[in-house]
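Here the protein sequences come in this chain order: A and B.
With my numbering applied, the first sequence covers 358 to 600.
With my numbering applied, the second sequence covers 358 to 600.
The beta carbon of each residue, even a glycine, is placed where N, CA and C say it ideally should be.
Source: prediction; values computed, not measured.
There are 2 protein chains.
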Amino acid sequence: MSRVLVVDDDPQLRRALRITLRAAGFDVVTAEDGRTALAEAAAAHPDVVLLDLGLPDLDGTEVLAGLRPWFTGPVVVLSARGDSSDKVGALDAGADDYVTKPFDMAELLARLRVALRRGTAEPGQARVVTDHFTVDLAAKQVTVDGVPVRLTPTEWALLSELVRSPGRLVGQRELLQAVWGPAYERETNYLRVYLAQLRRKLEPDAAHPRYLLTEPGMGYRFSKDPLPPHPSQAQGGPLEGGR
Amino acid sequence: MSRVLVVDDDPQLRRALRITLRAAGFDVVTAEDGRTALAEAAAAHPDVVLLDLGLPDLDGTEVLAGLRPWFTGPVVVLSARGDSSDKVGALDAGADDYVTKPFDMAELLARLRVALRRGTAEPGQARVVTDHFTVDLAAKQVTVDGVPVRLTPTEWALLSELVRSPGRLVGQRELLQAVWGPAYERETNYLRVYLAQLRRKLEPDAAHPRYLLTEPGMGYRFSKDPLPPHPSQAQGGPLEGGR
DNA sequence: GCCGGGCGTCAGGATCCCGTCAAGACCACC
DNA sequence: GGTGGTCTTGACGGGATCCTGACGCCCGGC
């Protein structure tokens, strides 16, 4: 179930949205002004924010600006103002969609579904867990077998880029651009060096990676479900009876 | 620079969009009906598709359905019909945004920016499934009977080119140009070698392909619905009573 | 029956790519 | 000014990948 944070100063609309969204299977949290919204967003970890622009204390754009540095989920703006300049401003400020009041509830629900469809898939998006290590994206913390591990800034940037989309192949150009910037797209050396460091710190056996996989010529892939241990790891397990 | 595919049957609107989008820094490709749209989407590799729902040959929803199995980028729907049910239908069919005509150009550009900001679809969103193997174009992952299979860059480039238009015959020149570049249009050798490798990795019986089919003298075709198994595969099935 | 074009297969060698290591540069903090 | 940590950069060996040519098969035309 997905959690949505509804930010609106109109009690009636809040109530209507709460009822409808709950009926649609959402877990609903509400806020009536900008400060509360920012606090609730941090506290309740919503998957999506439904944000009214006309708030009593803060301008909607300010709320967006306060949200965007750390909130990675989608933000759908709800506003009575239908001017094109308002829309462009909010969308360029980081909003993912813009719906004008009065709005049709079925359409709003559909747009929420679209926003969630592509927002980070897992509800517990801040934590990625494998059998061997855990990555907490919000706290910037990595633990291996429960023990915290120190990562350098570059290592962290690289790891979070990979872990953000489990199972997906991330191209080397994509990684280099995200971590070092567009000017370094050819320095595949960096990737090799830092992937090796990450594997030394995270993998059970750095020489035979099971989670941080190489796709030769294309890029790297973080796999949640580990590959089977390398055969050379013949630690006399009783199951290896054959041969 | 991003490439956008504009699909609309109105020549005037196409022209206006082409000029405005080009001025906004886009590389513009156009199509005037659904069939052309699907072909262009497969051939031109757009980053985003701007799709009018009222097309002469196909319903817009059909174009969406033809696009979504493999197209990993965002699709923004443009429509004169503003009914809520139309919007919900298109959004749930895989569209990323829905703009009603007449529209404000600045807003449309902002929505295109938003769509592109989010980048490609999540793994699992865009996948081509057959009875025997699955191709996840967003994750760049192929599984045969659920087991991940590793493809080399060239193999992947070739396979994705074929899989992008299921059922359609893709000319050898087209394939060679897409994978190796315009200078290699005569090297049909490459196709034979790499098709064989793909068949070895994907087909149940590489000697009698059922999914990656050869059209002698023309090119190759990916078929979702497999051909019946080859008769020589008489593995004692009860139905193979004869002979 | 003969012939030629197109296709599938195979194996070798050249090339590219990756993992690894180590040394130097840079920076922040003490 | 010293020190520890981090980031860059280069070089090297091993392995995977790509290109290439040769061969045999099938099929349609003559």
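Neighbourhood of residue i by C-beta, 8 Å cutoff - its chain only, sequence neighbours within 5 removed
i, result
"residue 446 of chain B", "418"
"residue 392 of chain A", "414 and 415"
"residue 375 of chain B", "363, 385 and 387"
"residue 600 of chain A", "Because residue 600 of chain A carries a pLDDT of 39, less than 50, the predicted location of this residue cannot be relied on, and the following value inherits that uncertainty. Excluding positions up to five away in sequence, the list is empty."
"residue 529 of chain A", "545, 548, 575, 576 and 577"
Residue i (DSSP reduced to helix, strand or coil)
i, result
"residue 500 of chain B", "strand"
"residue 449 of chain A", "helix"
"residue 333 of chain B", "Since the first and last residues shown for chain B are 358 and 600, residue 333 of chain B lies out of range."
"residue 388 of chain B", "strand"
"residue 526 of chain A", "strand"
"residue 479 of chain B", "coil"
"residue 455 of chain A", "strand"
"residue 487 of chain A", "coil"
"residue 512 of chain A", "helix"
"residue 577 of chain B", "strand"
"residue 582 of chain B", "coil"
"residue 570 of chain A", "strand"
"residue 443 of chain B", "helix"
"residue 413 of chain B", "coil"
"residue 494 of chain B", "coil"
"residue 360 of chain B", "strand"
"residue 598 of chain A", "Residue confidence is low: residue 598 of chain A scores 39 on pLDDT, short of 50, so the model does not pin down where it sits. No coordinate-derived value is stated."
"residue 505 of chain B", "strand"
Cutoff 6 Å; reference residue i; Cβ partners in own chain excluding five residues on either side
i, result
"residue 558 of chain A", "506"
"residue 389 of chain A", "366"
"residue 581 of chain B", "487 and 523"
"residue 387 of chain A", "363 and 371"
"residue 395 of chain B", "423"
"residue 426 of chain B", "485"
"residue 412 of chain B", "366, 390 and 391"
Burial state of residue i, where buried means 16 or more other Cβ atoms lie within 10 Å
i, result
"residue 430 of chain A", "buried"
"residue 365 of chain B", "buried"
"residue 453 of chain B", "buried"
"residue 550 of chain B", "exposed"
"residue 503 of chain A", "exposed"
"residue 368 of chain A", "exposed"
"residue 538 of chain A", "exposed"
"residue 518 of chain B", "buried"
"residue 442 of chain B", "exposed"
"residue 544 of chain B", "exposed"
"residue 493 of chain B", "buried"
"residue 472 of chain B", "buried"
Distance cut-off 7 Å: residue i Cβ against heavy atoms of the ligand NAP
i, result
"residue 574 of chain B", "Looking for the ligand NAP in the displayed structure turns up nothing, as the structure carries no ligands at all."
Nearest candidate by alpha-carbon position, reference residue i, set the options
i, options, result
"residue 404 of chain A", "A:361, A:382, A:530 and A:549", "A:361"
"residue 554 of chain A", "A:412, A:508, A:461 and A:519", "A:508"
"residue 481 of chain B", "B:495, B:470 and B:398", "B:495"
"residue 573 of chain A", "B:510, B:577 and B:519", "B:510"
"residue 464 of chain A", "B:479, B:471 and B:448", "B:448"
"residue 514 of chain B", "B:475, B:575, B:563 and B:399", "B:399"
"residue 512 of chain A", "A:500, A:548, A:457 and A:521", "A:548"
"residue 520 of chain B", "B:397, B:440 and B:579", "B:579"
"residue 410 of chain A", "A:434, A:396 and A:401", "A:434"
"residue 556 of chain B", "B:545, B:571 and B:455", "B:571"
"residue 458 of chain B", "B:476, B:439 and B:373", "B:439"
"residue 359 of chain A", "A:466, A:455, A:437 and A:531", "A:466"
"residue 377 of chain B", "B:397, B:469 and B:563", "B:469"
"residue 501 of chain B", "B:560, B:402, B:380 and B:575", "B:560"
"residue 490 of chain B", "B:455, B:436 and B:568", "B:568"
"residue 525 of chain A", "A:497, A:456, A:576 and A:546", "A:576"
"residue 373 of chain A", "A:455, A:462 and A:397", "A:462"
Contact set for residue i: own chain, Cβ-Cβ below 7 Å, skip 5 residues either direction
i, result
"residue 432 of chain A", "406, 408, 421, 424, 451, 452 and 453"
"residue 336 of chain A", "What the structure shows of chain A is the stretch from 358 to 600, and residue 336 of chain A is not part of that stretch, so it cannot be assessed."
"residue 498 of chain A", "505"
"residue 479 of chain B", "495"
"residue 566 of chain A", "556 and 560"
- [ ] Check each residue of the segment 493 to 512 of chain B: if its Cβ is closer than 9 Å to any Cβ of chain A, include it; give the result in chain order.
- [x] So the list reads 493, 495, 496, 497, 498, 505, 507, 508, 509, 510 and 511, given in the order they occur along the chain.
Task: Proximal residues, the segment 458 to 472 of chain A versus chain B, C-beta separation under 9 Å - done: For the segment 458 to 472 of chain A, which is checked against every Cβ of chain B, the residues closer than 9 Å are 461, 462, 463, 464, 466, 467, 468, 470 and 471.
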